[in-house]
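Reading through the structure tokens given below for one structure.
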Amino acid sequence: MYARLETASLYGLEAEQTTVEVDSENGLPNFVMVGLANQAVKEAKERIHSAILNCGCKFPVSRITVNLTPANKKKEGSHYDLAIALGVLLSSGQLPELTGTRLEKAVFLGELNLDGRVTAIEGALPMIISMQKRGVELVVLPRANLAEAELVKGMKLIPVESLTDIIEYLRAGKPLNILDAEGYVPSREGLGGIPDFIDVRGQAAVKRAAQIAAAGFHGMLMIGAPGVGKSMIAKRIPGIMAPLSYGEQLEVTQVYSAAGLLGGRLAWSSDKGLGLVTDRPFRSPHHSISSAALAGGGPKPRPGEISLAHYGVLFLDELPEFSSKTLEVLRQPMEDGQVNINRVAGAVSYPSRFMLVAAMNPCKCGYYGDPIRQCSCTETQRKQYISRISGPLLDRIDLHIAMERIGYSDLEQEALKKSRAISTEELSIAVKAASRLQQERYKGLDISYNSQLSPALIEKYCSLSSSGKGIMEAAYVSMDLSARAYHKVLKLARTIADISGSPDIRDEHLLEALSYRLPEQYFS
Numbered sequence: 003m004y005a006r007l008e009t010a011s012l013y014g015l016e017a018e019q020t021t022v023e024v025d026s027e028n029g030l031p032n033f034v035m036v037g038l039a040n041q042a043v044k045e046a047k048e049r050i051h052s053a054i055l056n057c058g059c060k061f062p063v064s065r066i067t068v069n070l071t072p073a074n075k076k077k078e079g080s081h082y083d084l085a086i087a088l089g090v091l092l093s094s095g096q097l098p099e100l101t102g103t104r105l106e107k108a109v110f111l112g113e114l115n116l117d118g119r120v121t122a123i124e125g126a127l128p129m130i131i132s133m134q135k136r137g138v139e140l141v142v143l144p145r146a147n148l149a150e151a152e153l154v155k156g157m158k159l160i161p162v163e164s165l166t167d168i169i170e171y172l173r174a175g176k177p178l179n180i181l182d183a184e185g186y187v188p189s190r191e192g193l194g195g196i197p198d199f200i201d202v203r204g205q206a207a208v209k210r211a212a213q214i215a216a217a218g219f220h221g222m223l224m225i226g227a228p229g230v231g232k233s234m235i236a237k238r239i240p241g242i243m244a245p246l247s248y249g250e251q252l253e254v255t256q257v258y259s260a261a262g263l264l265g266g267r268l269a270w271s272s273d274k275g276l277g278l279v280t281d282r283p284f285r286s287p288h289h290s291i292s293s294a295a296l297a298g299g300g301p302k303p304r305p306g307e308i309s310l311a312h313y314g315v316l317f318l319d320e321l322p323e324f325s326s327k328t329l330e331v332l333r334q335p336m337e338d339g340q341v342n343i344n345r346v347a348g349a350v351s352y353p354s355r356f357m358l359v360a361a362m363n364p365c366k367c368g369y370y371g372d373p374i375r376q377c378s379c380t381e382t383q384r385k386q387y388i389s390r391i392s393g394p395l396l397d398r399i400d401l402h403i404a405m406e407r408i409g410y411s412d413l414e415q416e417a418l419k420k421s422r423a424i425s426t427e428e429l430s431i432a433v434k435a436a437s438r439l440q441q442e443r444y445k446g447l448d449i450s451y452n453s454q455l456s457p458a459l460i461e462k463y464c465s466l467s468s469s470g471k472g473i474m475e476a477a478y479v480s481m482d483l484s485a486r487a488y489h490k491v492l493k494l495a496r497t498i499a500d501i502s503g504s505p506d507i508r509d510e511h512l513l514e515a516l517s518y519r520l521p522e523q524y525f526s
């Protein structure tokens, strides 16, 4: 007998509808699976065999052929188990046909345990969103994935805990729990444990730079001796950024769903457990990370740290300690907002609109230019250390800022005035106002922040006065700016103007933007 069911195959964050065909016929007992299934899919036959027996059914003693179509695309993952198991039971005559039942046009997703329980799968959210785009109205899925699935408004969902739930429905008419997903707009009561800027003593200039970076989604590089507060500031930046829109939350959640990182592991999300990533991600990989782990990849391409930082902060501490090969991976995603992974089986893309925040020492020992501790590096050693970061990568980072040592007297003074120190709440007021200006200005365009402006849009939205043009021309020559750096300065000036509430870029905005191109002495 022949049975046919529908499931899905995930490629990056896009899924295609996949048909599971099962045919049982007389012959020597055998279980053959075709359709470019990888090892994880082929192992399904062992899980399915035990699951069927432990659900009170018989595993057919016949020749069973399973075909996954389209057969020219590789199938990866364990979420095909449920559809294949039902196909085996239908084709062997142990279950009545799906025709005329509520499951007739359903898509089946789920991994089976040996006892027949249906367990959570990776990538449920992007698969369900893609199925909805293709006209699918009903999805059968593990109950453990229900929270993320309910985000897809308008989709009908049947959460199941065991293969037995479907068997009893088809055999005895036991009702299934059919839910209408209503979507979810979260309340934002506060961030998930992000520390406050009020704890950072001094460094008012760097706090100002962080505010500008957060307002326009600009990259930021901090250079300073050990202990001046580079990491402290970086960890607090997500707290001053504008809240994610619901659409952005869904995008980020899809990435984490595809990576299998939803649920309780999102300790920084204020709405953890509800299936939705609500706060901006903060990713801080160690400098020993490989280029594949940073960009994504593997036999089954998965999102890397670049994509896990989508719409959030990617913090690279001790930047020169990363391998040059790893750092160069950043260049294309920083420009395009997505990372492309090419494999023999095909190519996938993951979104990567992240805010790069990097920190580094000015030399190997960390004390070049320090007023108290003498640098022990030779000039050659210092240049070798700095040269680990390529010019093209530095050129792509909008703000370069040097951090100075805070003296004891300053610390003591700040401690006495801590109640008047700048807090995250105070910094975020201007950031949110600037973000609203940008959202309104770029309505209808495929951008949300000043950092995403193309050269054509820069000409439209970043026009300068005649005096501003004179300042920019002089700086372009004296600071030896590249064309990319020129555009970075203009976009930065646009953000500074937005923070001040000015519709035009004034000279003081431009001069402040130019001040964030770090003095050449640090890189030569």
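Its first residue numbered 3, the sequence shown is counted upward by one per residue in this note's numbering. Idealized CB from N, CA, C, for every residue including glycine.
By Cβ distance, which residues of its chain are closer than 6 Å to residue i, with the 5 residues on each side in sequence left out?
i: residue 189; result: Confidence is the limiting factor: at residue 189 the pLDDT is only 47, short of 50, which leaves the residue's position unreliable, though a coordinate-based value still follows. Excluding positions up to five away in sequence, the list is empty.
i: residue 269; result: The pLDDT assigned to residue 269 is 41, lower than 50, so where the model puts this residue is not dependable; a value taken from the coordinates is nonetheless given after this. Same-chain partners within the cutoff: there are none.
i: residue 369; result: 227, 375, 377
i: residue 362; result: 225, 321, 322
i: residue 108; result: 140, 142
Go through its chain and collect everything with a Cβ distance to residue i's Cβ below 7 Å, but skip five positions before and after it.
i: residue 514; result: 498
i: residue 122; result: 144, 146, 147
i: residue 69; result: 23, 36, 37
i: residue 488; result: 478
i: residue 42; result: 78, 79, 80
i: residue 473; result: 509, 512, 513
i: residue 163; result: 119, 120, 145
i: residue 350; result: 13, 14, 303, 343
In the DSSP assignment, what are the bridge partners of residue i?
i: residue 404; result: 225
i: residue 119; result: 164
i: residue 19; result: 10
i: residue 25; result: 4, 67
i: residue 433; result: Residue 433 is not bridged to any residue.
i: residue 353; result: 340
i: residue 219; result: According to DSSP, which records beta bridges pairwise, residue 219 is partnered with nothing at all.
i: residue 532; result: Any answer about residue 532 is impossible in this case: the structure gives the chain only from 3 up to 526.
i: residue 77; result: 39
Going by DSSP, what residue range makes up the alpha helix (DSSP H) through residue i?
i: residue 491; result: 485-502
i: residue 296; result: 293-297
i: residue 56; result: 46-56
i: residue 88; result: 83-93
i: residue 154; result: That residue, residue 154, is in no alpha helix (DSSP H); it is neither H nor E in DSSP.
i: residue 258; result: 248-260
i: residue 470; result: 468-480
i: residue 388; result: 381-388
Only counting the same chain, and skipping five residues up and downstream in sequence, which positions put a Cβ closer than 8 Å to that of residue i?
i: residue 181; result: 148, 152, 158, 159, 160, 161
i: residue 173; result: 97, 98
i: residue 154; result: 127, 130, 131, 134, 183, 185
i: residue 196; result: 237, 238, 240, 241, 270, 281, 284, 426
i: residue 71; result: 20, 21, 23, 37
Going by DSSP, what residue range makes up the beta strand (DSSP E) through residue i?
i: residue 359; result: 357-362
i: residue 144; result: 140-144
i: residue 35; result: 32-36
i: residue 230; result: Residue 230 -> no beta strand (DSSP E), and no H or E assigned at all.
i: residue 316; result: 315-318
Residue j and residue i - do their beta-carbons sit closer together than 8 Å?
i: residue 242; j: residue 364; result: no
i: residue 512; j: residue 466; result: yes
i: residue 400; j: residue 354; result: no
i: residue 87; j: residue 53; result: yes
i: residue 73; j: residue 7; result: no
i: residue 34; j: residue 67; result: yes
i: residue 2; j: residue 125; result: Nothing in the structure corresponds to residue 2, since the chain is present only between 3 and 526.
i: residue 405; j: residue 231; result: yes
i: residue 261; j: residue 305; result: yes
i: residue 307; j: residue 294; result: no
Exposed or buried, what is residue i when buried is set at 16 or more other beta-carbons lying within 10 Å of its beta-carbon?
i: residue 213; result: buried
i: residue 500; result: buried
i: residue 250; result: buried
i: residue 380; result: exposed
i: residue 205; result: buried
i: residue 102; result: exposed
i: residue 50; result: buried
i: residue 298; result: buried
i: residue 2; result: Absent from the model: residue 2. The displayed extent of the chain is 3 to 526, so no value can be given.
i: residue 282; result: buried
i: residue 3; result: exposed
i: residue 167; result: buried
i: residue 468; result: exposed
i: residue 527; result: The structure shown does not extend to residue 527, since the chain is modelled only from 3 to 526, so the question has no answer here.
i: residue 409; result: exposed
i: residue 395; result: buried
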